[in-house]
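K.L.:
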Amino acid sequence: MRAFLRLLLFLVICIGLVFIAGFVSRTGWFNGLFQPSLTATNNTEVKIEEIVPADGLHPVVADYTEKLIKEAGAIGISILITDGYRTPEEQDRLYQKGRDQNGRIVTNAKGGQSYHNFGLAIDFALLDEDGEPLWDIAYDGNKNGEPDWFEVAELAKELGFEWGGDWANFTDYPHLQMTFGYSIEELQHAQIEFEESELP
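Residues 234 to 433 (our numbering) are what the sequence shown spells out, left to right.
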């Protein structure tokens, strides 16, 4: 009887391991632990040297931005990309809004502290029936009972974007970014190294 129970336990453990291996293989969960340079869904690996220096939207981000526009259009939602790459000077001017300038604060990032400054971020707005941009997160232009804004955010996340609407410390509903696993500090350091290598 004891031998039978040991055999039964062995079989249960083996079956459990097979199920776990299948889950890991299907989801890529294990790879995600050790490959922070890959975005969540599109599995595109980008070397930091391909990002810094930036003078426009990164080609991978641009490609997935086009895919997002098409996928949103396929479910009856029109979107407008209102911002992409920003120079550090443009970022500093934006940072002043709501501080030294009138209006509300729109960013906590100074020049060089935003993924926009490295061509890895975009901002979007919805387009209403007249083709006018709007930033109404409750708007349901495709009349399916769900806010278009959140539908676009879900599509973006499926493509591998991170959404500023998920941030707890500074919610930024228009913002989407692909970090490829790099922190702002790593990108800044790579930028400094590049600039120093260009010195005579």
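Ideal Cβ placement from N, Cα and C applies to all residues, glycine included.
No experiment lies behind these values; they were computed from the predicted model shown.
Please state whether DSSP places F383 in a helix, a strand or coil.
P.N.:
Your numbering for residue 383 matches position 150 in the sequence shown. Looking at F383 - three-state DSSP - the assignment turns out to be helix.
K.L.:
With DSSP as the reference, please indicate the residues paired to K434 in a beta bridge.
P.N.:
The displayed coordinates of the chain run from 234 to 433. Any statement about residue 434 would go beyond what the structure contains.
K.L.:
Considering only residues of the same chain and omitting the five flanking positions on each side of P380, which have a CB-CB separation below 8 Å?
P.N.:
Walking along the sequence shown from the start, residue 380 turns up at place 147. Same-chain partners within the cutoff: I370, A371, Y372 and D373.
K.L.:
By DSSP, does N315 sit in helix, in strand, or in coil?
P.N.:
Position 82 of the sequence shown, counted from the start, is the residue given in the question as residue 315. Inspection of the sequence shows that residue 315 is occupied by Thr rather than by Asn. Reduced to three states, the DSSP call for T315 is strand.
K.L.:
Assuming M411 and V293 are in contact, meaning their beta carbons sit under 8 Å apart, how far apart are those beta carbons, in whole angstroms?
P.N.:
Mapped onto the sequence shown, residue 411 falls at position 178. Mapped onto the sequence shown, residue 293 falls at position 60. 7 Å between Cβ atoms; contact.
K.L.:
So what's A371 in DSSP terms, helix, strand or just coil?
P.N.:
Position 138 of the sequence shown, counted from the first residue, corresponds to residue 371. In the structure shown, A371 sits in coil (DSSP, three-state: anything other than H, G, I, E or B).
K.L.:
Between the Cα of A386 and the Cα atoms of K376, N377, G378 and D399, which residue gives the shortest distance?
P.N.:
The residue labelled residue 386 in the question sits at position 153 within the sequence shown. For A386, the nearest C-alpha among the options comes from D399.
K.L.:
In the DSSP assignment, the beta strand (DSSP E) including A354 goes from what residue to what residue?
P.N.:
Along the sequence shown, read from residue 1 onward, the residue named residue 354 stands at position 121. Segment A354 to L360, the beta strand (DSSP E) holding A354.
K.L.:
Quick one: residues in its chain with C-beta nearer than 8 Å to the C-beta of I310, no 5 flanking neighbours on either side, listed in chain order?
P.N.:
On the sequence shown, residue 310 is found 77 positions in, with the first residue counted as 1. Excluding sequence neighbours, I310 sits near L359, G374, N375, D381, E384 and V385.
K.L.:
So for L409, helix, strand or coil by DSSP?
P.N.:
Sequence index remark: in the sequence shown, residue 409 carries index 176 (1-based). It is a strand residue.
K.L.:
Return helix, strand or coil for E278, following the three-state DSSP convention.
P.N.:
Residue 278 sits at position 45 when you count from the first residue of the sequence shown. Note: E278 maps to strand in three-state DSSP.
K.L.:
Taking 8 Å as the cut-off, is the C-beta of Y348 nearer than that to any heavy atom in the ligand FMN?
P.N.:
You won't find the ligand FMN in this model; it holds no ligand whatsoever.
K.L.:
Can you give the Cα-Cα distance for L420 and I281, rounded to whole angstroms?
P.N.:
For the purposes of this step, residue 420 is taken as residue 187 along the sequence shown, with counting starting at 1. For the purposes of this step, residue 281 is taken as residue 48 along the sequence shown, with counting starting at 1. So the two alpha carbons sit approximately 7 Å from each other.
K.L.:
Can you give me the Cβ contacts of I355 inside the same chain, cut-off strictly under 6 Å, excluding the 5 residues immediately before and after it?
P.N.:
Reading the sequence shown from its first residue, position 122 is the one you call residue 355. The residues are T298, I314, G317 and L409.
K.L.:
Starting from Y426, trace the alpha helix (DSSP H) in both directions and tell me its first and last residue.
P.N.:
The residue you call residue 426 lines up with position 193 of the sequence shown. According to the sequence provided, residue 426 is Glu. The question's Tyr does not apply to it. Its alpha helix (DSSP H) spans residues I417 to S430.
K.L.:
What residue from R337, A342, G331 and I312 has the CA that sits closest to D325's CA?
P.N.:
Residue numbering aside, residue 325 sits at position 92 when the sequence shown is read from its first letter. Checked all of R337, A342, G331 and I312; the closest Cα to D325 is A342.
K.L.:
State the Cα-Cα distance for the pair Y415 and F351, rounded to the nearest angstrom.
P.N.:
As a working note, residue 415 is residue 182 in the sequence shown. As a working note, residue 351 is residue 118 in the sequence shown. Approximately 11 Å between the Cα atoms of the pair.
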